[in-house]
Amino acid sequence: MDMLLYWAGLSAVAVNALTGVLDAGRKNMDVIGVMMVGAATALGGGTVRDVLLRRPVFWVGDQVYLVVALATTLVVFFAVRGLRLPPRLFLIPDALGLALFTIVGTQIALEWQAPWLVASLLGVITGVVGGVLRDVLCNEVPLIFVRGELYASAAWAGALVLVGLQALGVSPVIAAWAGMASVLGVRLVSMAFRITLPIYSERK
Amino acid sequence: MDMLLYWAGLSAVAVNALTGVLDAGRKNMDVIGVMMVGAATALGGGTVRDVLLRRPVFWVGDQVYLVVALATTLVVFFAVRGLRLPPRLFLIPDALGLALFTIVGTQIALEWQAPWLVASLLGVITGVVGGVLRDVLCNEVPLIFVRGELYASAAWAGALVLVGLQALGVSPVIAAWAGMASVLGVRLVSMAFRITLPIYSERK
Amino acid sequence: MDMLLYWAGLSAVAVNALTGVLDAGRKNMDVIGVMMVGAATALGGGTVRDVLLRRPVFWVGDQVYLVVALATTLVVFFAVRGLRLPPRLFLIPDALGLALFTIVGTQIALEWQAPWLVASLLGVITGVVGGVLRDVLCNEVPLIFVRGELYASAAWAGALVLVGLQALGVSPVIAAWAGMASVLGVRLVSMAFRITLPIYSERK
Numbered sequence: 001m002d003m004l005l006y007w008a009g010l011s012a013v014a015v016n017a018l019t020g021v022l023d024a025g026r027k028n029m030d031v032i033g034v035m036m037v038g039a040a041t042a043l044g045g046g047t048v049r050d051v052l053l054r055r056p057v058f059w060v061g062d063q064v065y066l067v068v069a070l071a072t073t074l075v076v077f078f079a080v081r082g083l084r085l086p087p088r089l090f091l092i093p094d095a096l097g098l099a100l101f102t103i104v105g106t107q108i109a110l111e112w113q114a115p116w117l118v119a120s121l122l123g124v125i126t127g128v129v130g131g132v133l134r135d136v137l138c139n140e141v142p143l144i145f146v147r148g149e150l151y152a153s154a155a156w157a158g159a160l161v162l163v164g165l166q167a168l169g170v171s172p173v174i175a176a177w178a179g180m181a182s183v184l185g186v187r188l189v190s191m192a193f194r195i196t197l198p199i200y201s202e203r204k
Numbered sequence: 001m002d003m004l005l006y007w008a009g010l011s012a013v014a015v016n017a018l019t020g021v022l023d024a025g026r027k028n029m030d031v032i033g034v035m036m037v038g039a040a041t042a043l044g045g046g047t048v049r050d051v052l053l054r055r056p057v058f059w060v061g062d063q064v065y066l067v068v069a070l071a072t073t074l075v076v077f078f079a080v081r082g083l084r085l086p087p088r089l090f091l092i093p094d095a096l097g098l099a100l101f102t103i104v105g106t107q108i109a110l111e112w113q114a115p116w117l118v119a120s121l122l123g124v125i126t127g128v129v130g131g132v133l134r135d136v137l138c139n140e141v142p143l144i145f146v147r148g149e150l151y152a153s154a155a156w157a158g159a160l161v162l163v164g165l166q167a168l169g170v171s172p173v174i175a176a177w178a179g180m181a182s183v184l185g186v187r188l189v190s191m192a193f194r195i196t197l198p199i200y201s202e203r204k
Numbered sequence: 001m002d003m004l005l006y007w008a009g010l011s012a013v014a015v016n017a018l019t020g021v022l023d024a025g026r027k028n029m030d031v032i033g034v035m036m037v038g039a040a041t042a043l044g045g046g047t048v049r050d051v052l053l054r055r056p057v058f059w060v061g062d063q064v065y066l067v068v069a070l071a072t073t074l075v076v077f078f079a080v081r082g083l084r085l086p087p088r089l090f091l092i093p094d095a096l097g098l099a100l101f102t103i104v105g106t107q108i109a110l111e112w113q114a115p116w117l118v119a120s121l122l123g124v125i126t127g128v129v130g131g132v133l134r135d136v137l138c139n140e141v142p143l144i145f146v147r148g149e150l151y152a153s154a155a156w157a158g159a160l161v162l163v164g165l166q167a168l169g170v171s172p173v174i175a176a177w178a179g180m181a182s183v184l185g186v187r188l189v190s191m192a193f194r195i196t197l198p199i200y201s202e203r204k
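Right under this line is the structure:
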């Protein structure tokens, strides 16, 4: 489980760095600006989780995460530079990064003795913060606030699946895969069919 | 005093969650978006204080705060949904939350051995951060930056009253009430009479 | 070295507070608003570094930093109030604050056992965060994202000079001066000659 968690974390870092580059690239930032956006997208969620939960922050203690984030950013920057990509393409890696980070974040919070509701919320935070930073730095409306799609709620659903299955005695590895599938499933289905939650409307 | 502090903290969480819902509701967010704004408004100030001062963050260690924040958000969401409320109505609970959080935050900082000036500032941070997060997430100018009213200075005045009275040997409970009354008084009087501080104006 | 580091830190705080006041002043904020911007500019970078690296945050443990930040803000506020200053004047103290904070931040991270790449990045963070907070609070495009000038890359170059010289056995004091000169040099030369890095451009 520990190895799986470590590799899932590194994969999440790489995937989120990729989405950061794709988004920042559309703003014609220079290579350092793009690296900063890529690193913030890749490391932001876990950083906020660790600041709330434990010390040291994961990438300060283990340099590998930072190297993966920066290397991914550089490779993607020079690979896709000059290509004309469909602007919504990055929604697929974004959903994958959301799923990976949510599950890794929830699992780490559980291992650090957070109560279950707190752990699920720390998972959501780990999942969504990188993307929010990316969108804010690129001056776009964060995906989390886009109307007509589920985003944080997809993450929360998956985090609760993970917590619930483990409470029922399911093995952590299976619970992790089921949680990840839940995040991805809810997110992609809601994007495809525009499933929404009740809207608060004061002015209607 | 400890019990009073605990209940004042929970009240502050509930009041700030309420203002978050009222503000987010006007933006027609869905229920999860509103819950996120409510939770950020309710827990943001104390989170920043704890990140600067101590570990663990209060709501990570004690799940009750998170439950109160989310429950308040949900109840208010479904209670006021569809109502047409005067847009400035939420300034009253906002002032109450500012006062409660400032006093609780200052007292906690003093108990954690912060020097008095730092403690008063941590109180102001505890008081104002939730509302700033709320306004930023709802894409409004934070109340703290609105011209012609006192906001952070009202909080600071109350925090200094608390610190000063305790230094003079007044009982902590009385000092806390006096501090809270000072925050509320300065804030409400400045709103009613538009009392302002000197403005820096370079271009006049 | 420790004394030098302490005084460099205090100087950085004062210089950044100055730039905060100059920027906030152009927005006609009141004195408390200007003090908040000044304090955020002066203390923001080191705060983020410490939140990632160690406890307690520097200005919570030692009240002197906060006093210097607030006193500088007040003095500058009343000194320059009403003057008509060239809007780009503050770029010089901004570059000085960037250099001081980057070097101090990198050195502190090294002393706290951060790996070298992490230490250089924490130095960049210490250097740039204050200015980003200032520009965001004043509703301007952060200097770090301005096209056609080096900013974060100037800081990173200096941090790497510091790390590299120390690895080569150069005395920490000389390495610190060389690092600072590198940040200032790269920043000022890039401002004068508009030296840029490769731009990612998808749409060309």
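Chains as they are written, first to last, in the numbering used here: chain R, 1 to 204; chain P, 1 to 204; chain X, 1 to 204.
From the three backbone atoms N, C-alpha and C, an ideal C-beta is built for every residue, glycine too.
No experiment lies behind these values; they were computed from the predicted model shown.
Report buried or exposed for tryptophan 59 of chain R, applying the criterion of at least 16 other Cβ atoms within 10 angstroms of its Cβ. buried
In the DSSP assignment, find the unbroken alpha helix (DSSP H) run with isoleucine 103 of chain P in it and report its ends. 91-111
Quick one: any contact between the region 12-31 of chain P and the region 74-85 of chain R, if contact means 3 or more CB pairs under 8 Å? no
Grab me the residues of alanine 167 of chain X's own chain with a C-beta within less than 8 Å of its C-beta, minus the 5 sequence neighbours each way, in chain order. Trp116
Closer than 9 Å at the beta carbon, the chain P residues around arginine 194 of chain R: Going along chain P, no residue has its Cβ under 9 Å from arginine 194 of chain R, so there is no contact; the nearest lies around 12 Å.
Our contact map puts glycine 158 of chain P next to methionine 180 of chain P with C-beta atoms below 8 Å; I'd like the distance itself, whole angstroms only. About 6 Å separates the two Cβ atoms, so the contact holds.
Please list the partners that valine 76 of chain P has in chain X, where partner means a Cβ-to-Cβ separation under 9 Å. Those do not exist, as valine 76 of chain P stays about 30 Å from chain X at its closest Cβ, beyond 9 Å.
Taking the alpha carbon of glutamine 63 of chain R as the reference point, which residue from X:Leu121, X:Val146, X:Gly169 and X:Val128 has its own alpha carbon closest? For the options X:Leu121, X:Val146, X:Gly169 and X:Val128, the alpha carbon positioned closest to that of glutamine 63 of chain R is the one of X:Leu121.
Could you pull the start and end residues of the alpha helix (DSSP H) that alanine 167 of chain R belongs to? Start and end: 152-167.
Contacting positions in the region 83-102 of chain P - beta carbon closer than 9 Å to chain X: none
Minimum Cβ-Cβ distance from alanine 157 of chain R to chain P less than 8 Å: Not an interface residue.
Which same chain residues end up closer than 6 Å to leucine 96 of chain P when comparing Cβ atoms and leaving out the 5 residues on each side of it in sequence? So the list reads Val15, once near-sequence residues are dropped.
Taking the CB atoms as reference points, tell me whether threonine 19 of chain P and arginine 134 of chain P lie closer together than 8 Å. yes
Check the Cβ-Cβ distances between glutamine 113 of chain R and every residue of chain X, and say whether any is below 8 Å. no
Along the chain, which unbroken stretches of the alpha helix (DSSP H) at least 4 residues long are found entirely within the region 10-94 of chain P? 31-53, 58-61 and 63-80
Run through DSSP, which three-state label would alanine 178 of chain R get? helix
Give a yes or no on whether the minimum CB-CB distance between valine 189 of chain X and chain P is below 8 Å. False, the Cβ-Cβ gap to chain P never drops below 8 Å.
DSSP state of serine 120 of chain X mapped onto helix, strand, coil: helix
So that I know if they touch, is there some Cβ in chain R lying closer than 8 Å to that of leucine 53 of chain X? yes
Do three or more CB pairs link the region 182-196 of chain P to the region 103-110 of chain X at distances below 8 Å? no
If I'm right that valine 51 of chain X touches valine 51 of chain P with Cβ under 8 Å, what's the distance once you round it to whole angstroms? Between valine 51 of chain P and valine 51 of chain X the Cβ distance is about 6 Å, and since that is below 8 Å, they are a contact.
Interfacial residues, the region 30-60 of chain R to chain X, with Cβ spacing under 9 Å: Asp30, Val31, Ile32, Gly33, Val34, Met35, Met36, Ala39, Thr47, Asp50, Val51, Arg55, Pro56, Val57, Trp59 and Val60
Report the three-state DSSP secondary structure of proline 172 of chain R (helix, strand or coil). helix
What separation, rounded to the nearest whole angstrom, lies between the Cα atoms of glutamine 9 of chain P and glycine 127 of chain P? Rather than glutamine, the amino acid found at residue 9 of chain P in this sequence is glycine. Whole-angstrom Cα-Cα distance: 11 Å.
Between arginine 49 of chain P and isoleucine 144 of chain P, which are expected to be in contact by the criterion C-beta below 8 Å, what is the C-beta distance as a whole number of angstroms? That pair is no contact at about 16 Å.
Nearest to leucine 74 of chain R (by Cα), restricted to the options R:Tyr151, R:Met35, R:Leu150 and R:Val183: Checked all of R:Tyr151, R:Met35, R:Leu150 and R:Val183; the closest Cα to leucine 74 of chain R is R:Met35.
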